[in-house]
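Chemist:
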Amino acid sequence: MSHRFSIGPWNISEGRDSYGPETRPAKDLAWKLERFKEAGFDAVMFHDDDVVPDIDTKSEQEVLREAEQVRTMVQNAGMAIEMVAPRLWFSPMTVDGGYTSNDPEARRYAVDRSLQAADIAEVLGCDLLVWWLARDGTYVRESKSHQRSLELLAQAADAILAHSPQIRIAIEPKPNEPVDVAYLPTIGHALAFAHLTSDPARVGGLVETAHCVLAGLDPADEMAFALTAGKLWSVHLNDQNGLKFDQDKPFGSVNLRSAFDQVRVLERHGYGRNGEFVAFDVHSFRTTTIEQGFDHAVNSRTTFLRLLEKVRSFDEDAAAALVMQRDYQALDQMVIEHLLG
Ligand code: GLO
Ligand code: MG
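For the sequence shown, this note's numbering begins at 9 and goes up steadily by one.
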């Protein structure tokens with residue numbers, strides 16, 4: 009089976025970080041689509057305001073009209089649209105969180121904006137709404153009640169599920185950053201949370217490599233957990249060098265063996281058979297020029313395909329025999345030798 013690849017416009021970025029400004033010029037969607045297509049990507053991931061910039065200043069009618077134009081543009085570029093994510097972490101309304109803010113007006117804003125994002129998804133012809141709950145957590149744990157926050161999250165999910173019968177919500181768990189402690193830090197939390205909603209079958213997950221590392225968990229196991237439940241609806245493959253800020257490094261660039269294990273687990277479970285995309289959530293280094301500003305994604309895709317060959321040529325029978333003999337030492341070296349080629 010061949011895989012289909014997905015990427016977001018935010019993955020070609022301007023290089024700004026907390027300590028300094030942009031190092032690359034901004035490029036528009038048309039420029040990015042051209043690069044995506046040329047590099048062999050099949051689909052685009054969008055935030056609601058990637059589709060409609062300055063979204064909060066526009067009427068619902070204008071928003072949907074612009075979404076229609078983007079749909080045509082992406083179609084003309086020969087690509088599909090994988091998902092839409094409401095960006096609930098930029099607005100002054102969501103300083104204290106989206107759905108779990110202590111301010112009822114802010115919570116209403118978060119839900120309204122999410123319903124609109126579901127409408128945008130419908131116009132774009134996709135059924136996946138991604139929930140990266142950036143600010144739904146706390147800086148000061150005593151400032152919110154965990155139970156109350158879970159109830160608020162369930163109410164928000166229910167509002168979306170009722171509003172858009174075609175939508176599935178894929179929760180992208182992350183343990184921290186920008187908040188100190190998040191409410192849904194792992195895929196286990198996300199899938200347990202699904203059962204607090206009115207339609208658990210329509211609430212699943214998206215597992216990102218870096219977020220698993222930040223949670224001190226194994227990315228391949230986190231993916232396998234969701235796959236076992238039939239709920240791995242997307243992945244954000246990237247890499248992360250230990251416990252620090254979220255790095256979104258090229259896939260396989262820190263831990264090649266872990267990347268091999270992730271590809272192996274996806275392959276073993278037949279990931280992609282139900283139309284799932286292999287997506288990368290990767291960022292260029294700040295030192296990279298705009299001319300090389302998409303190489304990190306191209307390289308991630310290449311690494312995935314190289315590892316897929318490694319997975320397919322891995323002698324699973326020999327590995328199984330070593331497992332039978334409980335010779336895990338030999339198995340360990342067998343994997344290393346295979347990766348070294
Ligand atoms: C940040 C997240 C972010 C999301 C994106 C889609 O840590 O990985 O990039 O994946 O906003 O919701
Ligand atoms: Mg991500």
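Heads up, the beta-carbon is just placed ideally off N, CA and C, and yes, glycines get one too.
1. By DSSP, does residue 190 sit in helix, in strand, or in coil?
2. Just to confirm the assignment, what range does the alpha helix (DSSP H) spanning residue 9 have?
3. Distance, Cα to Cα, residue 228 vs residue 323?
4. When a residue counts only if its C-beta is closer than 5 Å to some heavy atom of the ligand MG, which residues count, in chain order?
5. Determine the extent of the beta strand (DSSP E) in which residue 233 is found, giving its start and end residues.
6. Looking at residue 177 and residue 210, is the spacing between their C-beta atoms short of 9 Å?
7. Out of 12, 36, 26 and 27, state which residue places its alpha-carbon closest to the alpha-carbon of residue 298.
8. Within 10 Å of its beta-carbon, does residue 325 have 16 or more other beta-carbons around it, so buried, or fewer, so exposed?
9. Would you mind reading off the limits of the beta strand (DSSP E) that contains residue 89?
10. In the DSSP assignment, the beta strand (DSSP E) including residue 242 goes from what residue to what residue?
11. Taking three-plus beta-carbon pairs below 8 Å as touching, is the region 53–62 in contact with the region 91–104?
12. If contacts are defined as beta-carbon pairs under 8 Å, then residue 260 and residue 311 qualify, I think. What distance do you get, rounded to the angstrom?
13. Closer than 8 Å by C-beta to residue 68: which residues in its own chain qualify, once you throw out the five before and the five after it? Chain order, please.
14. Can you name the start and end residues of the beta strand (DSSP E) that residue 216 belongs to?
15. What I want to know is whether the C-beta of residue 218 ends up closer than 8 Å to one or more non-hydrogen atoms of the ligand GLO.
16. Does any heavy atom of the ligand GLO sit closer than 8 Å to the C-beta of residue 138?
17. Quick one: give me the first and last residue of the alpha helix (DSSP H) that residue 320 is part of.
18. Count the other C-beta atoms from every protein chain shown that fall within 10 angstroms of the C-beta of residue 188, then say buried if there are 16 or more, exposed otherwise.
19. Taking 8 Å as the cut-off, does the CB of residue 256 come closer than this to any heavy atom belonging to the ligand GLO?
20. How far does the beta strand (DSSP E) with residue 55 in it reach, from first residue to last?
21. Mind checking who residue 138 pairs with in its DSSP beta bridge?
22. Quick one: what's got a C-beta closer than 7 Å to residue 198's C-beta in the same chain, skipping five residues either side?
23. Mind checking residue 33: buried by the 16 CB within 10 Å criterion, or exposed?
24. From this set, 318, 162, 291 and 236, which residue's C-alpha is nearest residue 25's C-alpha?
25. State the start and end residues of the unbroken alpha helix (DSSP H) segment that holds residue 157.
26. Are the region 101–112 and the region 129–149 in contact at 8 Å, needing three or more beta carbon pairs?
27. Straight-line CA distance for residue 51 to residue 335?
28. Assign residue 44 to one of three DSSP states: helix, strand, or coil.
29. Does the ligand GLO have even one heavy atom less than 8 Å from the beta-carbon of residue 353?
Modeler: On the basis of the supplied data:
1. Residue 190 falls in the strand class under three-state DSSP.
2. No alpha helix (DSSP H) holds residue 9; DSSP gives it neither H nor E.
3. Using only the alpha carbons, I get a separation of about 19 Å.
4. Counting only residues whose CB is nearer than 5 Å to a non-hydrogen atom of the ligand MG, the list in chain order is 216, 244 and 289.
5. Here residue 233 belongs to no beta strand (DSSP E); instead the alpha helix (DSSP H) covers 227–236.
6. In this structure, residue 177 lies closer than 9 Å to residue 210 by Cβ.
7. Nearest Cα to residue 298 within the set 12, 36, 26 and 27: 36.
8. When all chains shown are included, residue 325 counts as exposed.
9. Going by DSSP, residue 89 is part of the beta strand (DSSP E) stretching over 88–93.
10. Note, residue 242: beta strand (DSSP E), 240–245.
11. The answer is yes - the region 91–104 touches the region 53–62, with three or more Cβ pairs under 8 Å.
12. Indeed they touch by this definition, with Cβ atoms about 4 Å apart.
13. For residue 68, where only same-chain residues beyond five positions count, the Cβ hits under 8 Å are 124 and 127.
14. Run containing residue 216: 211–216, per the beta strand (DSSP E) assignment.
15. Yes, the ligand GLO has a heavy atom inside 8 Å of this Cβ.
16. Residue 138 Cβ: within cutoff of the ligand GLO.
17. Counting along the chain, residue 320 sits inside the alpha helix (DSSP H) bounded by residues 303–320.
18. Taking all protein chains shown into account, residue 188 has fewer than 16 neighbouring C-beta atoms within 10 Å of its C-beta and is therefore exposed.
19. Yes; taking the cut-off as 8 Å, the Cβ of residue 256 has a heavy atom of the ligand GLO nearer than that.
20. That run of the beta strand (DSSP E) goes 51–55.
21. Residue pairing for residue 138: DSSP places it in a beta bridge opposite 178.
22. Sequence-distant partners of residue 198 (beyond 5 residues in either direction) whose C-beta falls short of 7 Å from its own C-beta, in its chain, are 179, 181, 192 and 213.
23. Exposed is the call here.
24. Of the candidates 318, 162, 291 and 236, the one whose C-alpha sits nearest the C-alpha of residue 25 is 291.
25. It spans 154–171 - the alpha helix (DSSP H) in which residue 157 sits, taken as one unbroken run.
26. A contact exists between the region 101–112 and the region 129–149.
27. Rounded to whole angstroms, residue 51 to residue 335 spans 43 Å at the Cα level.
28. Reduced to three states, the DSSP call for residue 44 is helix.
29. Because the chain spans 9 through 349 in this model, residue 353 falls outside it and cannot be assessed.
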